[in-house]
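> Please read through the structure below; I'll follow up with questions.
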Amino acid sequence: MTFASSAFIASQDVRRAAYDGTGRQAITRNQGSEPITIDAEQLSRLRRYEAPESEIYEEFLERRVGRGGAFALLAGPLGAPRDEGWIVCPSIGPEHGNLRRLEAIVARTLAKAGYPVLRLRPDVDPVDGLRVEIDLAARLHEVEDAVRTMTDDVGARSVGVLGSFFGATAAALACEQLALREMVLIEPVARGKAYLKEIMRRHAVAELVGTVDEHGPDGAAAQQQETAAPREQLAAEGHAALQGMGLSRAEAERIAAVDLVGDLRSFDGRSLLVGISPSGALSPSLARLRDHLASLGGQVATTVVEDPLFAPFGEYYFRNAGPVRVDTRLGLDERVASTIAAWAIGRTADAPVAAT
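See the structure below:
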């Protein structure tokens with residue numbers, strides 16, 4: 214196939230991998246030279262690694278999912294897998310990078326318990342210099358393709374979905390849309406309006422910290438004023454930038470219309486709602502969602518993981534301690550993963566999980 218590159222990339226004599234939708238790639242030079250030969254067997258071996266001490270493996274599947282060709286990363290046991298597989302649905306906004314480690318730990322913990330788990334890694338390489346777009350419909354399409362991959366290629370007889378923050382919201386919507394029977398929601402955002410308000414707040418904080426320079430020229434303040442008002446950008450231009458990602462007015466309206474209590478109408482399967490709180494108390498929004506799922510006839514378990522939360526869930530979680538940075542969330546991620554694995558194999562009762 215012919216690889217269409219941006220004007221900038223086309224001016225550079227660099228190698229790029231062209232994707233044809235089948236998982237196969239040919240490495241080409243941009244300035245019109247012929248494709249070069251690559252060792253497919255060697256690449257295939259590099260797609261997978263095994264961890265005998267944990268009795269799990271991880272591998273990138275050749276098949277990519279969704280209309281954007283997201284990568285599919287499969288984790289599973291080295292021994293015989295369980296019949297049920299899990300899809301990890303990433304969040305759709307700038308926070309998704311800060312949640313990847315949690316997703317990895319959850320996937321590996323479930324794999325160690327015998328479950329095949331498929332993580333999605335959207336291909337976020339911008340095309341022609343454009344920002345990556347916040348797109349809920351694209352994420353739902355990726356989950357749909359991933360479910361098909363889990364049943365057709367991996368061999369799972371049933372599939373559950375899990376996610377955190379707005380990834381949990383998308384997972385719940387996918388569960389309803391695809392009539393799946395199990396879901397795990399970690400600190401889900403029940404209302405789309407609340408999610409938009411939160412990511413705009415985080416954008417404003419990031420702009421304030423990263424752009425304003427009291428010792429700099431007046432232009433710094435002007436730039437901050439120009440870029441820190443996504444609501445005004447949406448109203449005036451129909452598009453806004455949020456920490457390197459683009460958000461259209463139409464997509465913002467679609468997200469704002471999300472309300473899990475209203476949108477989940479038929480799910481009567483098994484669900485786990487995981488809250489994270491410094492006090493160990495269940496939030497009102499999570500309690501409301503729990504009661505709604507129970508009213509639909511589902512089996513709902515709720516667990517609150519107690520943690521001091523140095524930074525709000527989904528935000529950057531390292532803090533400076535002299536010359537080093539301290540990871541403030543590793544213990545939390547591990548406790549969340551252990552809680553989910555225990556529930557998945559049927560050992561969990563409703564109870565808070567205290568901080569360590």
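Each residue of the sequence shown is one higher than the one before, starting from 214 at the first, in our numbering. Glycine residues also receive a C-beta, built at the ideal position from the N, C-alpha and C atoms.
According to DSSP, what are the bridge partners of N533?
R538
> When you compare each of G310, V356, D540, L477 to D281 by their alpha carbons, which one comes out closest?
One detail in the question is off: residue 281 reads as Gly in this sequence, not Asp. Checking every option, the nearest Cα to that of G281 belongs to V356.
> List the endpoints of the continuous beta strand (DSSP E) containing I347.
Per DSSP, I347 belongs to no beta strand (DSSP E) and is neither H nor E.
> Can you tell me whether A449 is buried or exposed, with buried defined as 16 or more other CB within 10 angstroms of its CB?
exposed
> Give the secondary structure of R321 by DSSP, where H, G and I count as helix, E and B as strand, and everything else as coil.
helix
> Which of helix, strand or coil does DSSP assign to Y270?
Y270: strand per DSSP, three-state reduction.
> Are the CB atoms of E308 and F643 within a distance shorter than 7 Å?
Nothing in the structure corresponds to residue 643, since the chain is present only between 214 and 569.
> Between D366, E346, R503, which has its C-alpha nearest M458's C-alpha?
E346
> What number of angstroms, rounded off, separates the C-alpha of G493 from the C-alpha of A534?
Near 27 Å, if we compare the C-alpha coordinates of A534 and G493.
> According to the neighbour-count rule (16 or more other Cβ atoms, all chains shown, within 10 Å of its Cβ), is I399 buried or exposed?
Burial state of I399 is buried, judged by a 10 Å Cβ sphere holding 16 or more other Cβ atoms.
> With respect to 6 Å, is the separation between the Cβ of D296 and the closest non-hydrogen atom of the ligand NAP below this value?
Summarising the ligand content, the structure contains no ligands, and the ligand NAP is consequently not present.
> Output yes or no for whether 7 Å exceeds the beta carbon distance between A384 and G373.
Not a contact, by the Cβ cut-off of 7 Å.
> How many Å lie between R462 and H452 at the Cα?
6 Å
> With DSSP collapsed to three states, give me the class of I300.
Assigned with DSSP and collapsed to three states, I300 falls in strand.
> Quick one: measure Cβ to Cβ for G511 and R478, integer angstroms, because I've assumed they're closer than 8 Å.
With 8 Å as the limit, G511 and R478 do not qualify as a contact, their Cβ atoms being about 12 Å apart.
> How many Å lie between R532 and L509 at the Cα?
43 Å
> Which same chain residues end up closer than 6 Å to L499 when comparing Cβ atoms and leaving out the 5 residues on each side of it in sequence?
Result list for L499: L486, G488, in chain order.
> Note down, in chain order, each residue of its chain lying with its Cβ closer than 7 Å to the Cβ of A419, except the 5 sequence neighbours on either side.
Spatial neighbours of A419 in its own chain (CB-CB distance under 7 Å, excluding positions within 5 residues in sequence) are listed in chain order as Q456.
> Going by DSSP in three states, Q170 sits in which element: helix, strand or coil?
This structure leaves residue 170 out entirely; the chain is present only between 214 and 569.
> When the distance is taken between beta carbons, is V549 closer than 7 Å to V518?
yes
> Could you pull the DSSP bridge partners for L375 from this structure?
V301, V397
> What did DSSP end up calling G380 once you bin it into helix, strand or coil?
helix
> My understanding is that E254 touches P290, with C-beta atoms under 8 Å, so please give their C-beta distance in whole angstroms.
E254 to P290, Cβ: 25 Å. No contact.
> What number of angstroms, rounded off, separates the C-alpha of T552 from the C-alpha of T362?
26 Å
> Among all the DSSP beta bridges, which residues are the ones paired with A334?
Per the sequence presented here, residue 334 reads as Arg, with Ala not at that position. In the DSSP output, where bridge partners are listed per residue, R334 has F284.
> Let me make sure I understand the geometry here. Which of T516, Q446, P294, G475 has the alpha-carbon closest to that of G327?
P294
> In terms of alpha-carbon separation, which member of A324, P521, V539, S490 lies closest to A264?
A324
> Would you say Y529 and T541 are within 7 Å of each other, going by their C-beta atoms?
no
> Extract the residue ranges of the beta strand (DSSP E) inside the stretch 476 to 503, only unbroken runs of 3 or more that lie entirely within it.
483 to 490
> My output table needs one value for T454: the three-state DSSP class, helix, strand or coil.
The amino acid at residue 454 is misidentified as Thr; the sequence shows Ala. Assignment of A454 by DSSP, reduced to helix, strand and coil, places it in the strand class.
> Does DSSP classify A554 as helix, strand or coil?
helix
> Using only CA atoms, which one of S496, K406, G380, E464 lies nearest to N311?
G380
> In this structure, what does DSSP give as the bridge partners for Y262?
E271
> Roughly how many angstroms lie between the CA atoms of R414 and G368, to the nearest whole one?
43 Å
> Could you pull out every residue in the same chain whose Cβ sits closer than 7 Å to the Cβ of G279, ignoring the five residues on either side in sequence?
A351, H354, E355, D358
> Which two residues bound the contiguous alpha helix (DSSP H) that contains A293?
From DSSP, A293 is part of no alpha helix (DSSP H); its letter is neither H nor E.
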